[in-house]
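Comments concern the structure below.
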Amino acid sequence: MSTPATQRATVHRPVSWIGRTEPAVDVVAPATAELDLPQSSCAPADFEDIDPGGRYWRPGHADFGSRRTPDFTFGDPHAAGIFHSVDDGAATIHNRGDEVVALLTLGTEVPLGLEILAPGTSAQLPAVDLLCYVQGARVHGSPRVFGVVWMSDGRSMPSTLPVPTRREFLDQHYLTPWSADWNGGYTHQDHRDADADGLSFQYRTGGSSITMRNTGTEWMAVLHKDGHTRSVTELAPGSQVSFPVSVTANTGQVFSVVGRREGGSPGRAPYRSASGTIHPGWPGRPGTATHYGSVVIMLGTVVYSALPKRNLYLAWSDRRRLRVGCRRRA
1 MSTPATQRAT VHRPVSWIGR TEPAVDVVAP ATAELDLPQS SCAPADFEDI DPGGRYWRPG
61 HADFGSRRTP DFTFGDPHAA GIFHSVDDGA ATIHNRGDEV VALLTLGTEV PLGLEILAPG
121 TSAQLPAVDL LCYVQGARVH GSPRVFGVVW MSDGRSMPST LPVPTRREFL DQHYLTPWSA
181 DWNGGYTHQD HRDADADGLS FQYRTGGSSI TMRNTGTEWM AVLHKDGHTR SVTELAPGSQ
241 VSFPVSVTAN TGQVFSVVGR REGGSPGRAP YRSASGTIHP GWPGRPGTAT HYGSVVIMLG
301 TVVYSALPKR NLYLAWSDRR RLRVGCRRRA
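Under full-length UniProt numbering, read the sequence shown as residues 1 to 330, first letter to last.
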């Protein structure tokens, strides 16, 4: 097997930009060293095909890899609905916002890459050491960065421009078991109409699974137990998720559905101080929790339900609508 071609790339590592512990491959400030990077499999023409309007910071632009620091602006990843998760040593970037974002990936084991991430979609990064810049479209010509994901030895490392974790995202947008207001009671929550929002469940007595369906347009989340661990699973618009049920359990298995929080206060995007130092931002105050209701199953029987139940005929009708909805979104 032939050795991959390499290109000589300028490395920039100002402490003010990437901190003292991050790897020296940020290509954004005065040059301090050089590094052999794999030759990109994307020629400039390929980057033009991916980003024909030049809306995102990338190879082929005058301010990419130059000796002069680009005039960066920064966006709030919490407000933009951007977060990352790590599974089996690979990071996945999720876009739950309304804006199309771009992922610029670089490292010694991967070619320079650019991927466009539409709202409601996710992208898994290669399971190697790398940096990934999550960015929005340029503002008045300046690159706009939401955050940087740094992966090393299969772990997400601290970054001066952190991208929220899945847990942080869920806590910001939903009521979760680790939320500060988890024990606040229903008086501090807004009840939402499950039927109006297209939420229903299907369970057959003695069955080994329960299915939650969302035929509406709102994002929801199901709070449940995965073994002995409390878990949160998002329920996207036009989707359905099934959860295992133990028919021999003599204690209630609870499946609670919550909606997106409402209101709250804005946070602060990362910013550059007068000295030129880059500082991380912070999330805003989470809004008021919302909920739809719960289903409780014990010994294979529904013993409590505050959610609409769909019979088999309606379930098939829902399934058809889900398929149509998925095709329309595609």
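Note that CB positions come from ideal geometry on N, CA and C, so glycine has one too.
Note that the structure is predicted; figures quoted are calculated from it, not measured.
Annotated as proximal: E262 and T290, with beta-carbon spacing under 8 Å. Counting only runs of at least 4 residues, the region 65-101 fully encloses the following alpha helix (DSSP H) elements, listed from N- to C-terminal order: 77-80. Counting along the chain, L131 sits inside the beta strand (DSSP E) bounded by residues 130-139. Closest by C-alpha distance to F72, out of S85, H140, P266, L299, is H140. Under the three-state reduction of DSSP output, R310 falls in the coil class, being neither helix nor strand. The Cβ atoms of V222 and T233 lie closer than 8 Å to each other. Between the alpha carbons of M220 and G281 lies a distance of about 27 Å.
Across the structure, L235 and G120 are spaced so that their CA atoms are roughly 12 Å apart. Counting only unbroken stretches of 3 or more residues, the beta strand (DSSP E) elements lying wholly within the region 253-282 are 253-262, in sequence order. Comparing alpha-carbon positions, the option among I82, S242, M157, T248 lying closest to E99 turns out to be I82. Beta-bridge partners assigned by DSSP to E115: L103.
Within the model, the alpha-carbon separation for G287 versus S265 is close to 7 Å. Looking from the CA of D46, the closest CA among H84, A90, A80, G113 belongs to G113. Between the beta-carbon of Q202 and that of T211 there is about 5 Å, and that keeps the pair under the 8 Å contact cut. Runs of the alpha helix (DSSP H) spanning 4 or more residues and lying entirely within the region 163-225 occur at 166-173, in chain order.
By the Cβ-count criterion, D87 is exposed, with fewer than 16 other Cβ atoms from all chains shown falling within 10 Å of its own Cβ. In this structure, the CA atom of G207 is about 7 Å from the CA atom of V247. Bridge partners of A123 according to DSSP: I93. If you draw a straight line from the Cα of V101 to the Cα of R285, it comes to about 24 Å. With respect to the 8 Å criterion, Q240 and R213 are classified as neighbours on the basis of their beta carbons. Contact check for V258 and L199: beta-carbon distance about 11 Å, past the 8 Å limit, so the pair fails to qualify. Of the candidates S179, T301, L307, G300, L307 places its Cα closest to the Cα of S294. Rounded to whole angstroms, the gap between the alpha carbons of Q124 and Q172 is 22 Å. Relative to S159, the option among W150, A80, T165 whose CA is nearest is W150.
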